[in-house]
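Reading through the structure tokens given below for one structure.
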Amino acid sequence: MTQVSDKHSAGPWSPAMLLMLAGAMGLLARAWTILHTARQGYAVDDLFDALAWNLVTLGAFTIDGTTPSAHVGPLYPSVLAVFYGVVGHRPEWVPYLHAACDVGASVCIFYVGKRLFGSWIGAITAAAMFLYPTYWTYDPRIRSESLLTLLMSAWLWVTVICLSSTRMVFFVGAGVLAGLVILCKPVTILLAVVLISLSFLGTDSFRVRMTRASLYLLACLLVVLPWTMRNYQAFGMVIPVSAGVGAGLWMGSDPLSRGSWPMPLTMESQIWDSAGITPLPYAHAMYDVSTDRLLRAKGWARITEAPSRYLWLTLTRAYDFWIGNSYYLINSDQGLMEGLTLDAADRGWLTATYSVAKRLLLIPGLIGLSLWSAWFHQSRWRELLPLYVFPIGLMLGYIPFTVEAGRYALPVLPCLMVLSVAVLAQTSLPMVSLRPREPLSTRP
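Counted from 1, the sequence shown has number 175 at position 176 by numbering that gives the first Met the number 0; the numbering is strictly sequential.
Dropping the structure here:
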């Protein structure tokens, strides 16, 4: 297999020039969005803000200042707390932190593409990622997707290195990143298990492969276990990272909603009413440890009563993971045209049309190109395995235990972008000079 040459047929352009141009345009787009977008006070934004500021002022992981919290993974609130500790309680400055995460993620993806296919494909992919509107339109919100995308991109980069390197330090680094990602989003535990098992690939002796996997696992556990021990001391039960499984099992098994959020507020209220936990004292009360245990029991009972129905709902969330449910597509339950008209009245026809086209055309297009790329590069399947495992592993971790659709694919979209750019460049640009790939033995 070949890769695009970095030195020939480039004309006056170079990967560095492309990255600088895309970086300037992406930063301008983010600056414009930040300055012209009012802060959106979603419940999850307020949750992260409260946890972070209480960490700064009280030194405790709590929402109300007294009761310990295990609502979410602790990493993003901790990073936000460090940020607040430096700049003060300025939620309006958080978008700049997210923009910095976007820069870091794009750098990591550049090196992923460069290592697998060459500098040009790495630069084109990184530029496409940094200019992809969904990333910078999410920046004004206090959410963990920007940090998660950065961590996942770094984890992907190190994983690619691990498959072509014998140095143990990379496996330790991958384990540390795995632990950090789990502390950011607990549903990535399944992905971590799969990636640790990849340490056994190769032709080395069983002892060497076992050592790699053990170091990977040990590094991951050393990052995660202190938080698990804290949860056990605070709540008297084993909570590996956060509560919330119960809410996912209960709402995710609800046939009325098709098991996927967002949904009309009336429908969401009916679901919590039927669980017998209303009125909610605050927006995220369903993730309290005691309430989570109740919802876990109720949800599991409903699942065992109709397992085939829950299996179908889980399959629909595989679609929702990438595309989003019908309500997410148009922010309305009144049908496509009615919803599109309402969205256009609120945000303008350009934004509304792009929003629907992105989900119905762009994402399916990336998926199709990625499948084509996997077939085209089938001889290199082992080397490209991380690009396949990351999207599938994250999706399989999300769909059984979460209910929110439409934004969880953001951390693994770069994998599809690398594959898509690679196959388009290598099949549609025959005039570009190609050169043989470097043997793996020459790489660090």
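Where is the CB? At the ideal position from N, CA and C, for every residue including glycine. Every value quoted in this text rests on a predicted model; they were computed, and no experiment measured them.
Here's the rule: buried if 16 or more other CB atoms are within 10 angstroms of the residue's CB, otherwise exposed. What is residue i?
| i | result |
| --- | --- |
| aspartate 345 | exposed |
| histidine 97 | buried |
| threonine 165 | exposed |
| proline 363 | exposed |
| methionine 228 | exposed |
| leucine 27 | exposed |
| threonine 158 | buried |
| tryptophan 380 | exposed |
| aspartate 253 | buried |
| aspartate 101 | buried |
| isoleucine 391 | exposed |
| methionine 336 | exposed |
| alanine 282 | exposed |
| glycine 323 | buried |
| tryptophan 12 | exposed |
| histidine 35 | exposed |
| valine 288 | buried |
| leucine 310 | exposed |
| leucine 383 | buried |
| threonine 350 | exposed |
| glycine 64 | exposed |
| lysine 6 | Confidence is the limiting factor: at lysine 6 the pLDDT is only 49, short of 50, which leaves the residue's position unreliable, though a coordinate-based value still follows. Lysine 6 is exposed by the Cβ-count criterion. |
For residue i, collect the residues of the same chain with a Cβ closer than 6 Å to its Cβ; drop the 5 residues on either side in sequence, then sort them by chain order.
| i | result |
| --- | --- |
| alanine 104 | Thr148, Leu149 and Ser152 |
| leucine 216 | Ile195 |
| aspartate 48 | Pro90 and Ile141 |
| tryptophan 371 | Val422 |
| glycine 178 | Cys219, Val222 and Val223 |
| alanine 127 | Met416 |
| cysteine 414 | Leu386, Phe389 and Pro390 |
| valine 411 | Phe389, Pro390 and Leu393 |
| methionine 262 | Ser256 and Tyr326 |
| phenylalanine 375 | Val422 |
| leucine 418 | Ser369, Ser372 and Leu386 |
How would you write the range of the alpha helix (DSSP H) that residue i sits in, first residue to last?
| i | result |
| --- | --- |
| glutamine 232 | 205–234 |
| isoleucine 391 | 384–397 |
| glutamate 337 | 335–346 |
| isoleucine 238 | Unbroken run through isoleucine 238: none, as it is neither H nor E. |
| glutamine 425 | 412–427 |
| phenylalanine 129 | 118–130 |
| tryptophan 249 | 244–251 |
| methionine 285 | No alpha helix (DSSP H) contains methionine 285, which DSSP labels as neither H nor E. |
| phenylalanine 82 | 74–86 |
| alanine 408 | Counting along the chain, alanine 408 falls outside any alpha helix (DSSP H), and DSSP gives it neither H nor E. |
| phenylalanine 169 | 167–183 |
| arginine 142 | Neither: arginine 142 is in no alpha helix (DSSP H) and is coded neither H nor E. |
| tryptophan 92 | It is not in any alpha helix (DSSP H) - tryptophan 92 carries neither H nor E in the DSSP assignment. |
| tyrosine 41 | Unbroken run through tyrosine 41: none, as it is neither H nor E. |
| isoleucine 276 | No alpha helix (DSSP H) holds isoleucine 276; DSSP gives it neither H nor E. |
| serine 20 | The identity of residue 20 in the sequence shown is leucine, whereas the question assumes serine. Its alpha helix (DSSP H) spans residues 14–35. |
| threonine 313 | 306–321 |
| leucine 370 | 362–375 |
Give me, in chain order, the residues of the same chain whose beta-carbon lies closer than 7 Å to that of residue i; leave out the 5 immediate sequence neighbours on both sides.
| i | result |
| --- | --- |
| leucine 328 | Val355 and Arg358 |
| glycine 247 | Phe400, Thr401 and Val402 |
| tyrosine 286 | His70, Ala242, Gly243 and Ala246 |
| leucine 54 | Phe60, Pro76, Ser77 and Ala80 |
| glycine 201 | Arg208 |
| glycine 87 | none |
| leucine 176 | Leu150, Ala153, Trp154 and Val157 |
| alanine 445 | Nothing about residue 445 can be reported from this structure: the residues present for the chain run from 0 to 443 only. |
Who are the Cβ neighbours of residue i in its own chain at under 8 Å, not counting the five residues just before and after it?
| i | result |
| --- | --- |
| valine 244 | Asp291, Arg295 and Phe400 |
| serine 427 | none |
| methionine 0 | Legend: pLDDT at methionine 0 = 45, less than 50; position of this residue unreliable, value from coordinates given subsequently. Contacts found: His376, Ser378, Arg379 and Arg436. |
| proline 67 | Ala59, Phe60, Thr61, Ala233 and Phe234 |
May I ask you to list the residues that DSSP assigns as paired with residue i?
| i | result |
| --- | --- |
| threonine 61 | Pro67 |
Query raised in the report: Does the stretch 170–186 touch the stretch 236–253, meaning 3 or more C-beta pairs lie closer than 8 Å?
Result: yes
**Report entry** Contact between the stretch 43–62 and the stretch 8–28 (3+ Cβ pairs under 8 Å)
**Finding:** no
Query raised in the report: Would you call the stretch 256–273 and the stretch 413–427 in contact, with 3 or more CB pairs under 8 Å?
Result: no
Report task. Determine contact between the stretch 207–221 and the stretch 161–179, defined as no fewer than three beta-carbon pairs at a distance below 8 Å. Result -> yes
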